[in-house]
Amino acid sequence: MTYLWVFLIGGVICAIGQLLIITTKITSSRILVLFELVGLLLAAIGIYEPISAFAKAGINVPIVGFGASLATGAINAVKSSGFLGIFTGGLMATAGGIAAAVGFAFLFGLIFSSHTKK
Amino acid sequence: MRTIYLKNKPRIIGAYSIVGPKEGRGPFGKYFDYVMDHDKFGEKTFEKAERKMIEHAISHSIKKAGLKKEDIDLMLSGDLLNQIISSSYAARSFNFPYLGLFGACSTMAETMAVGSLLVDGCYLNNVVCSTSSHFSTAERQFRFPLELGNQRVPTSQWTATACGSCVISKSGNGPCVTAITFGRVIDFGVNDVNNMGAAMAPSAMDTLISHFEDTKRKPTDYDLIATGDLGKLGSEILIDLLEDKGLKLGPNYTDFGHVYFSRGEDTMCGASGCGVSASVFNSFVMRKLLNKEYKRVLFVPTGALMSTTASQQGESIPGVSHAIVVESGDEK
Amino acid sequence: MNDKERNKIYNQYVEAKIPRTRPFPSLLNSFLVGGIICLLGQGINDLLLVIFPTMSEQSAWALTLVVLIFLASFLTGIGVYDKIGKFAGGGSIVPITGFSNSIASPAIEYKNEGIIFGMCVKMFSIAGPVIVCGVAGSMLVGLIYFIIGVL
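Residue numbers (the working numbering), protein chains in the order written: chain A, 506 to 623; chain W, 7 to 338; chain B, -3 to 147.
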């Protein structure tokens, strides 16, 4: 049952992204930032937690979840480390994702080359 | 009065075209001289491949003209890359002087026009004119990395991997260039980089109106009126714009970009890139002129004079379009 | 008519003429692919918790994202992700795999210009805004919570 909700919610979030792409002249960079900031906002006002508890991967896998981690990380870091947490919180929470993206991109960048588009 | 008439009728004595595999599958496929197996053309990078295409086209067009490289007085070439490196580095492998020109996708007409004037004025005997475009080099420079998972919008066009070259000469046999109408830069405020056709159509309109006013001719006086890469939408817009001004384009009007690729190749509004007009003119059109199926052709490719920097700074996209009249010759 | 008016009329005319992507099947494709990628994420997460029962939920999610990012990077490298993207549009851009593809694709593309000046410099050409806005946003959130905490 969980899996059904994950599929539906994840699908709908992506379909909203697609709707924006076909009705506006938005580029993929802007879509990524927009959805990330939505996640950031939801987490900042505290409603991301309950949504995520229900939707799980349906909202965690989209970049919305990445934005939420940034906000949650900053909030928790401020609670535990005070002022310094403003600077360290966001990146520390998302370090895994960023490091993975950079690291694997570097590795595969060395190994692979671009393919001609047919 | 912008149209220049060439009294000494410089001749196009050799023409050659080379295209990529996708381009070779299109309706003009059987007219192209060479279809590559792979768009890297045996080179390590796409940029080197584009350069090699120009070198190949120029060498072969000189051969087809029945000349040797030593007979060539000047090379005129351009392409879409920054600093037109494909042309400049290709020129490096030849011993003749080189002038690089940039007119974006109008470059083929630009090189042929300048070459024709130099030959007509009896300053030079043999000039080789070429231009090229390459899908992958253009994508890298103007748009996105090839492996990015994004979708193309319906107004977009596919930059063709293609190159065309011709030799214009004072003597010899071949179709002749009889008139040139140079274009002004026209900007109707289009700033959508995915809709080049709409951006360039006004400049084609402006040049065509000047041309017909100057020459007092009608569109029906030509066997073919061809724009380069306005694409499906752009060519429809051009027809509308001209009709507003009282000029009607009939079935003898074609946009090469619109018909360049086969259906099902998923190229939205069609092909773009200077190689489109260059490869089709130097294959299909030249053949029709040589066997007198076409007696008089008006070749009017258009170019979008933008860069990513200008676009990001909020500039709209200006266009330019040059017209040249090529006739099959032996006409009084 | 001055140029500004002429341009306005022209652009209105062009807008009306532009062919639009039909919403169907484009939206359906995004929905399906996006849903499947999220399902995959959930599956990996649950599998990790089965294999490593002592792992915390947080760590399991972090590792799940790493696996998804790895897969997207790999598929980008072998030239498959762009084909998925052509079909799915938003369905492949919105999940974290889209972020990974947007970093891997320029890395692969600009390797020709050298590792430092090509690959490393251009790696963030598409995803840069995600990092910048994300960091700036998180700092703003942190600041607001800090101020609330102090008051």
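Quick reminder that beta carbons are idealized off the backbone N, C-alpha and C, glycines included. Model, not experiment: these values are computed from the prediction.
Amino acids of chain A, ordered along the chain, whose beta-carbon sits closer than 8 Å to that of residue i
| i | result |
| --- | --- |
| W/GLN157 | ILE526 |
CB contact check: residue i to chain A, cutoff 8 Å
| i | result |
| --- | --- |
| W/LEU107 | no |
| B/VAL90 | yes |
| B/ALA12 | no |
| B/MET135 | yes |
| W/GLU153 | yes |
| W/SER142 | yes |
| W/GLU337 | Here the model assigns W/GLU337 a pLDDT of 48, short of 50, so the residue's position is not dependable and the matter cannot be decided. |
| W/ASP212 | no |
| B/PHE27 | yes |
| W/ASP198 | yes |
| B/LEU43 | no |
Proximal residues of chain D, C-beta to C-beta of residue i below 8 Å
| i | result |
| --- | --- |
| W/PHE194 | No chain D is present in this structure, whose protein chains are A, W and B. |
Cβ of residue i within 8 Å of any chain B Cβ
| i | result |
| --- | --- |
| W/ASN201 | yes |
| A/LYS530 | no |
| W/ILE87 | Before going further, note that residue 87 of chain W is Leu rather than Ile in the sequence given. Cβ-Cβ to chain B under 8 Å: no for W/LEU87. |
| A/GLY590 | yes |
| W/ALA204 | yes |
| A/VAL543 | no |
| W/GLU56 | no |
| A/ALA562 | yes |
| A/ALA576 | yes |
| A/LEU547 | no |
Reduced DSSP category for residue i - H, G, I as helix; E, B as strand; rest coil
| i | result |
| --- | --- |
| W/GLU116 | helix |
| W/GLU333 | strand |
| W/LYS338 | Any answer about W/LYS338 is weak, because its pLDDT of 38 lies below 50 and its placement is not dependable; what the coordinates show is given next. If DSSP states are grouped into helix, strand and coil, W/LYS338 belongs with coil. |
| W/TYR104 | strand |
| W/GLY121 | helix |
| W/PHE267 | coil |
| W/CYS182 | strand |
| W/ILE10 | strand |
| W/ASP85 | strand |
| W/THR167 | coil |
| W/ILE174 | strand |
| W/ALA71 | coil |
| B/SER22 | helix |
| W/VAL326 | strand |
| B/PHE113 | helix |
| W/LEU304 | strand |
| W/CYS280 | helix |
| A/LEU542 | helix |
| A/LEU589 | helix |
| B/ALA123 | coil |
Contact list for residue i against chain B, beta-carbon separation under 7 Å
| i | result |
| --- | --- |
| W/ARG146 | GLU105 |
| A/TYR508 | LEU35, GLN38 |
| A/ILE616 | GLY73 |
| A/PHE559 | Residues of chain B passing the Cβ test: none, with the nearest at roughly 12 Å. |
Any chain W beta carbon closer than 8 Å to residue i
| i | result |
| --- | --- |
| B/LEU147 | no |
| B/PRO21 | no |
| B/ASN(-2) | no |
| B/ILE33 | no |
| B/ILE80 | yes |
| A/SER533 | yes |
Cross-chain neighbours of residue i in chain W, by beta carbon under 7 Å
| i | result |
| --- | --- |
| A/LYS584 | Per Cβ cutoff of 7 Å: no residues; A/LYS584 is ~38 Å from chain W at best. |
| A/LYS623 | LYS28 |
| B/ASN108 | THR51 |
Beta-carbon neighbours of residue i, restricted to chain A and to distances below 7 Å
| i | result |
| --- | --- |
| B/ILE99 | ALA606, VAL607, ALA610 |
Neighbour list for residue i in chain B, Cβ cutoff strictly below 8 Å
| i | result |
| --- | --- |
| W/GLU242 | LYS13 |
| A/ILE552 | Those within 8 Å of A/ILE552 in chain B number zero; the least Cβ separation is about 14 Å. |
Proximal chain W residues relative to residue i, where beta-carbon distance stays under 9 Å
| i | result |
| --- | --- |
| A/SER619 | PHE52, SER142, ARG146, PRO151, LEU152, GLU153 |
Contact list for residue i against chain W, beta-carbon separation under 8 Å
| i | result |
| --- | --- |
| B/GLY94 | GLY155 |
* Interfacial residues, the region 24 to 54 of chain W to chain B, with Cβ spacing under 7 Å -> Within the region 24 to 54 of chain W, the residues whose Cβ lies closer than 7 Å to some Cβ of chain B are THR51, listed in chain order.
* Asked: Along the region 160 to 173 of chain W, what residues have a CB closer than 7 Å to any CB found in chain B?
  -> Under the 7 Å Cβ criterion, the region 160 to 173 of chain W contributes PRO160, THR161.
* Stretch-stretch touch, CB-based, cutoff 8 Å, three pairs: the region 610 to 618 of chain A with the region 577 to 587 of chain A -> Remark: fewer than three beta-carbon pairs, one from each stretch, lie closer than 8 Å, so the region 610 to 618 of chain A and the region 577 to 587 of chain A are not flagged as touching.
* Asked: Name the residues in the region 110 to 134 of chain B whose C-beta lies less than 9 Å from a C-beta of chain W; which are they?
  -> Correct list: LYS118, SER121, ILE122.
* Kindly confirm or deny that the region 294 to 311 of chain W and the region 153 to 173 of chain W touch, where touching means at least three C-beta pairs closer than 8 Å. => The answer is no - the region 153 to 173 of chain W does not touch the region 294 to 311 of chain W, with fewer than three Cβ pairs under 8 Å.
* **Members of the region 49 to 78 of chain B that neighbour chain A once the beta carbon cut-off is set at 8 Å** => Correct list: TRP57, ALA58, LEU59, THR60, LEU61, VAL62, LEU64, ILE65, PHE66, SER69, PHE70, THR72, GLY73, ILE74, GLY75, ASP78.
* Would you say the region 93 to 105 of chain B touches the region 23 to 42 of chain W, given that touching needs at least three Cβ pairs under 8 Å? -> No, they do not touch.
* Can you find at least 3 beta carbon pairs, one from the region 225 to 244 of chain W and one from the region 293 to 303 of chain W, that sit closer than 8 Å? -> Yes, the region 225 to 244 of chain W touches the region 293 to 303 of chain W.
* Segment contact flag, the region 128 to 143 of chain W with the region 184 to 196 of chain W, C-beta cutoff 8 Å, min 3 pairs -> No, the region 128 to 143 of chain W does not touch the region 184 to 196 of chain W.
* Stretch-stretch touch, CB-based, cutoff 8 Å, three pairs: the region 234 to 251 of chain W with the region 202 to 221 of chain W -> Result yes; three or more Cβ-Cβ pairs closer than 8 Å.
* Mind the definition here: the region 74 to 84 of chain B touches the region 25 to 40 of chain B only if three or more C-beta pairs lie below 8 Å; say whether that holds. => Yes, they touch.
* Taking a cut of 9 Å between CB atoms, which residues from the region 215 to 247 of chain W lie near chain B? -> If the cut-off is 9 Å between Cβ atoms, the region 215 to 247 of chain W has LYS238, LEU239, GLU242, ILE243, ASP246, LEU247 near chain B.
* How about the region 520 to 528 of chain A and the region 37 to 55 of chain B: do they share at least three Cβ pairs that are nearer than 8 Å? -> The region 520 to 528 of chain A makes no contact with the region 37 to 55 of chain B, as fewer than three CB pairs between them are under 8 Å.
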